[in-house]
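Notes follow the structure.
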Amino acid sequence: MVIVAERKPEFFQMSHPLYEVVTGEGGLYSGGSAQMIESSLNVHGDEILYVGDHIYTDVSVSKVHLRWRTALICRELEEEYMALIGCRGHRESLNQKEVVGGLFNQLRLALQRRHKGLPAQTLAATNLADQELAETMQKLLIVMQRLDNKICLMLVSDGELFNKRWGFLSRSGLWDKSHLMRQIEKYADIYTSRVSNFLNDTPFMYFRSLEQPLAHDSPLPDATMKN
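Going by the working numbering, the sequence shown opens with residue 1, and the numbers climb by one from there.
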(Lines of atoms letter the chains of each structure in order from A; the text may use other names.)
(Lines give C-alpha, C1' and ligand atoms only; values in the text may rest on other atoms or scores of the structure.)
Protein backbone atom coordinates (compact mmCIF):
# COMPACT_ATOMS: atom_id res chain seq x y z
CA MET A 1 0.00 0.00 0.00
CA VAL A 2 1.38 3.39 -1.06
CA ILE A 3 -0.33 6.63 -0.03
CA VAL A 4 0.44 10.02 -1.56
CA ALA A 5 -0.90 13.53 -0.86
CA GLU A 6 -1.62 12.55 2.74
CA ARG A 7 -1.28 16.16 3.96
CA LYS A 8 0.73 15.63 7.12
CA PRO A 9 0.23 16.39 9.97
CA GLU A 10 -3.55 16.40 9.27
CA PHE A 11 -3.17 12.80 8.12
CA PHE A 12 -2.70 11.75 11.77
CA GLN A 13 -5.48 13.88 13.26
CA MET A 14 -8.25 14.29 10.68
CA SER A 15 -10.11 12.06 8.26
CA HIS A 16 -9.94 12.92 4.56
CA PRO A 17 -11.45 11.04 1.61
CA LEU A 18 -9.30 8.22 0.27
CA TYR A 19 -9.00 7.83 -3.50
CA GLU A 20 -7.42 4.96 -5.36
CA VAL A 21 -5.03 6.00 -8.09
CA VAL A 22 -5.51 3.73 -11.09
CA THR A 23 -2.25 2.04 -12.04
CA GLY A 24 -1.28 -1.24 -13.63
CA GLU A 25 -0.01 -2.71 -10.36
CA GLY A 26 -2.62 -1.15 -8.04
CA GLY A 27 -2.17 -0.40 -4.36
CA LEU A 28 -1.65 3.36 -4.85
CA TYR A 29 -3.93 5.73 -2.94
CA SER A 30 -4.30 9.45 -2.35
CA GLY A 31 -5.47 11.19 0.84
CA GLY A 32 -7.05 9.18 3.62
CA SER A 33 -6.03 9.15 7.26
CA ALA A 34 -3.94 7.22 9.75
CA GLN A 35 -7.10 5.68 11.22
CA MET A 36 -7.89 4.20 7.80
CA ILE A 37 -4.44 2.63 7.72
CA GLU A 38 -5.01 1.03 11.12
CA SER A 39 -8.39 -0.34 10.05
CA SER A 40 -7.21 -1.72 6.70
CA LEU A 41 -4.14 -3.43 8.20
CA ASN A 42 -5.92 -4.39 11.44
CA VAL A 43 -3.05 -3.09 13.55
CA HIS A 44 -3.19 -0.29 16.08
CA GLY A 45 -1.07 1.80 18.41
CA ASP A 46 2.34 0.40 19.31
CA GLU A 47 1.92 -2.45 16.80
CA ILE A 48 2.98 0.06 14.13
CA LEU A 49 6.49 1.44 13.64
CA TYR A 50 6.25 4.72 11.78
CA VAL A 51 9.46 5.83 10.07
CA GLY A 52 9.90 9.51 9.21
CA ASP A 53 12.52 12.20 8.81
CA HIS A 54 10.78 15.15 10.49
CA ILE A 55 10.43 15.46 14.25
CA TYR A 56 7.13 17.34 14.37
CA THR A 57 5.15 16.37 11.26
CA ASP A 58 6.23 12.73 11.48
CA VAL A 59 7.30 11.23 14.80
CA SER A 60 5.80 13.76 17.22
CA VAL A 61 2.24 13.76 15.87
CA SER A 62 2.05 10.02 15.25
CA LYS A 63 3.26 9.27 18.78
CA VAL A 64 1.12 11.83 20.60
CA HIS A 65 -2.17 11.18 18.79
CA LEU A 66 -1.92 7.52 17.79
CA ARG A 67 0.66 6.03 20.18
CA TRP A 68 2.56 4.56 17.24
CA ARG A 69 6.15 3.48 17.68
CA THR A 70 8.37 5.98 15.93
CA ALA A 71 11.73 5.87 14.14
CA LEU A 72 13.47 9.06 13.04
CA ILE A 73 15.83 9.04 10.07
CA CYS A 74 18.74 11.47 10.32
CA ARG A 75 21.22 11.04 7.47
CA GLU A 76 23.75 13.42 9.06
CA LEU A 77 24.40 10.96 11.90
CA GLU A 78 26.99 9.03 9.93
CA GLU A 79 29.10 12.10 9.20
CA GLU A 80 28.71 13.37 12.77
CA TYR A 81 29.73 10.01 14.22
CA MET A 82 33.03 10.13 12.35
CA ALA A 83 33.57 13.75 13.41
CA LEU A 84 32.97 12.85 17.07
CA ILE A 85 35.64 10.17 16.83
CA GLY A 86 38.02 12.77 15.43
CA CYS A 87 37.32 15.09 18.38
CA ARG A 88 37.69 12.42 21.05
CA GLY A 89 41.02 13.92 22.11
CA HIS A 90 39.21 17.08 23.24
CA ARG A 91 37.32 15.16 25.92
CA GLU A 92 40.44 13.28 27.00
CA SER A 93 42.30 16.56 27.60
CA LEU A 94 39.39 17.85 29.67
CA ASN A 95 39.45 14.68 31.75
CA GLN A 96 43.17 15.14 32.34
CA LYS A 97 42.59 18.65 33.64
CA GLU A 98 39.90 17.43 36.02
CA VAL A 99 42.27 14.79 37.43
CA VAL A 100 45.07 17.33 37.91
CA GLY A 101 42.62 19.82 39.40
CA GLY A 102 41.33 17.23 41.85
CA LEU A 103 44.85 16.48 43.06
CA PHE A 104 45.62 20.19 43.41
CA ASN A 105 42.49 20.72 45.52
CA GLN A 106 43.45 17.84 47.80
CA LEU A 107 46.91 19.32 48.41
CA ARG A 108 45.44 22.77 48.93
CA LEU A 109 43.05 21.46 51.57
CA ALA A 110 45.85 19.49 53.22
CA LEU A 111 48.00 22.63 53.47
CA GLN A 112 45.14 24.64 54.96
CA ARG A 113 44.40 21.96 57.54
CA ARG A 114 48.09 21.66 58.43
CA HIS A 115 48.32 25.42 59.10
CA LYS A 116 45.40 25.04 61.52
CA GLY A 117 47.06 22.13 63.30
CA LEU A 118 44.72 19.52 61.83
CA PRO A 119 45.69 16.23 60.14
CA ALA A 120 46.10 16.40 56.37
CA GLN A 121 43.63 13.56 55.61
CA THR A 122 45.34 13.14 52.24
CA LEU A 123 47.84 10.37 51.56
CA ALA A 124 49.56 12.43 48.89
CA ALA A 125 50.41 15.16 51.42
CA THR A 126 51.19 13.07 54.51
CA ASN A 127 54.93 12.72 53.86
CA LEU A 128 55.50 16.16 52.30
CA ALA A 129 56.88 19.17 54.12
CA ASP A 130 55.12 22.51 53.71
CA GLN A 131 57.70 23.74 51.19
CA GLU A 132 57.44 20.54 49.13
CA LEU A 133 53.66 20.78 49.26
CA ALA A 134 53.71 24.36 47.98
CA GLU A 135 56.16 23.49 45.19
CA THR A 136 54.04 20.53 44.10
CA MET A 137 50.96 22.74 43.99
CA GLN A 138 52.84 25.30 41.89
CA LYS A 139 53.80 22.58 39.39
CA LEU A 140 50.20 21.41 39.21
CA LEU A 141 49.06 24.98 38.52
CA ILE A 142 51.48 25.16 35.60
CA VAL A 143 50.14 21.87 34.22
CA MET A 144 46.54 23.10 34.56
CA GLN A 145 47.42 26.37 32.81
CA ARG A 146 48.91 24.48 29.88
CA LEU A 147 45.88 22.23 29.69
CA ASP A 148 43.63 25.31 29.84
CA ASN A 149 45.42 26.88 26.89
CA LYS A 150 45.09 23.62 24.98
CA ILE A 151 41.42 23.18 25.85
CA CYS A 152 40.54 26.78 24.89
CA LEU A 153 41.74 26.14 21.35
CA MET A 154 39.83 22.87 21.30
CA LEU A 155 36.60 24.55 22.40
CA VAL A 156 36.88 26.93 19.46
CA SER A 157 37.48 24.12 16.96
CA ASP A 158 35.18 21.50 18.54
CA GLY A 159 32.50 20.52 16.08
CA GLU A 160 34.20 22.10 13.06
CA LEU A 161 34.90 18.65 11.64
CA PHE A 162 31.12 18.35 11.19
CA ASN A 163 29.99 21.94 10.58
CA LYS A 164 32.24 25.00 10.83
CA ARG A 165 29.35 27.34 11.67
CA TRP A 166 27.02 25.27 13.87
CA GLY A 167 29.18 22.46 15.22
CA PHE A 168 27.61 19.12 16.10
CA LEU A 169 23.91 18.32 15.72
CA SER A 170 23.69 16.21 18.87
CA ARG A 171 26.11 18.06 21.16
CA SER A 172 26.12 21.42 22.91
CA GLY A 173 29.60 22.16 24.18
CA LEU A 174 31.77 19.21 25.14
CA TRP A 175 29.30 17.19 27.20
CA ASP A 176 25.72 18.48 26.97
CA LYS A 177 23.06 17.25 24.56
CA SER A 178 21.77 19.76 22.03
CA HIS A 179 18.13 20.88 22.00
CA LEU A 180 17.63 18.89 18.79
CA MET A 181 18.94 15.73 20.46
CA ARG A 182 16.59 16.18 23.42
CA GLN A 183 13.66 16.57 21.01
CA ILE A 184 14.68 13.40 19.17
CA GLU A 185 14.88 11.46 22.45
CA LYS A 186 11.50 12.83 23.52
CA TYR A 187 9.52 11.88 20.43
CA ALA A 188 11.43 9.10 18.65
CA ASP A 189 11.54 5.59 20.11
CA ILE A 190 14.58 4.90 17.94
CA TYR A 191 16.67 6.91 15.52
CA THR A 192 19.11 5.89 12.83
CA SER A 193 20.85 7.24 9.75
CA ARG A 194 18.94 5.23 7.13
CA VAL A 195 16.03 2.79 6.85
CA SER A 196 18.27 0.09 5.40
CA ASN A 197 19.89 -0.29 8.83
CA PHE A 198 16.81 -2.34 9.78
CA LEU A 199 17.36 -4.91 7.01
CA ASN A 200 19.16 -7.41 9.23
CA ASP A 201 16.40 -7.37 11.86
CA THR A 202 13.01 -9.08 11.85
CA PRO A 203 9.70 -7.29 12.55
CA PHE A 204 9.78 -8.98 15.97
CA MET A 205 13.04 -7.33 17.02
CA TYR A 206 12.89 -5.47 20.35
CA PHE A 207 15.41 -2.65 20.46
CA ARG A 208 16.77 -1.59 23.83
CA SER A 209 18.74 1.55 24.53
CA LEU A 210 22.01 1.40 26.42
CA GLU A 211 21.86 1.64 30.18
CA GLN A 212 21.65 5.27 31.24
CA PRO A 213 24.49 5.92 33.72
CA LEU A 214 23.79 7.63 37.02
CA ALA A 215 26.17 9.92 38.87
CA HIS A 216 27.03 7.23 41.43
CA ASP A 217 27.73 4.56 38.79
CA SER A 218 31.31 5.77 38.26
CA PRO A 219 33.64 5.17 41.22
CA LEU A 220 35.25 8.30 42.60
CA PRO A 221 39.05 8.32 42.90
CA ASP A 222 40.37 7.59 46.41
CA ALA A 223 36.81 7.31 47.71
CA THR A 224 35.12 4.51 49.64
CA MET A 225 31.48 3.91 50.40
CA LYS A 226 30.61 4.40 54.05
CA ASN A 227 27.48 3.36 55.85
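Ideal placement from N, C-alpha and C gives every residue a C-beta, glycine not left out.
Quick caveat: nothing in here was measured; it's all calculated off a predicted structure.
- Separation of Leu49 and Ile73 (C-alpha to C-alpha, rounded to the nearest whole angstrom) is 13 Å.
- Note that the region 3 to 18 touches the region 56 to 71; at least 3 beta-carbon pairs, one per stretch, sit closer than 8 Å.
- In the three-state reduction of the DSSP assignment, Gly86 falls in the helix class.
- Residues Leu140, Val143, Met144 and Leu147 of the same chain have their beta carbon placed closer than 8 Å to that of Val100, with the five preceding and five following residues left out of the count.
- Cβ neighbours of Gln183 within its own chain (closer than 7 Å, five residues either side excluded): Ile55.
- With contacts defined as CB atoms closer than 8 Å, Phe198 and Glu80 fail to qualify as a contacting pair.
- In its chain, beyond the 5 residues on either side, Ser93 have a beta carbon closer than 8 Å to the beta carbon of Lys150.
- In the DSSP assignment, Arg69 forms a beta bridge with Leu49.
- Across the structure, Arg7 and Ser209 are spaced so that their CA atoms are roughly 32 Å apart.
- Sequence-distant partners of Gly32 (beyond 5 residues in either direction) whose C-beta falls short of 7 Å from its own C-beta, in its chain, are Ile3, Glu6, His16 and Leu18.
- Asp176 carries a strand assignment under DSSP once its states are collapsed to helix, strand and coil.
- Secondary structure at Gly26: coil, using DSSP grouped into helix, strand and coil.
- Going by beta carbons, Thr136 and Leu109 fall outside the 8 Å limit.
- Looking from the CA of Met36, the closest CA among Met1, Asp53, Gly26 and Arg69 belongs to Met1.
- By the 16-neighbour rule on beta-carbons within 10 angstroms, Leu133 is buried.
- A distance of 8 Å or more separates the beta carbons of Tyr187 and Val51.
- Secondary structure note for Glu10: its alpha helix (DSSP H) is the uninterrupted segment Glu10 to Gln13.
- With respect to the 8 Å criterion, Ala71 and Thr192 are classified as neighbours on the basis of their beta carbons.
- By the criterion of a C-beta distance shorter than 7 Å, Pro9 is surrounded in its chain by Thr57 and Val61, once the five residues flanking it on both sides are discounted.
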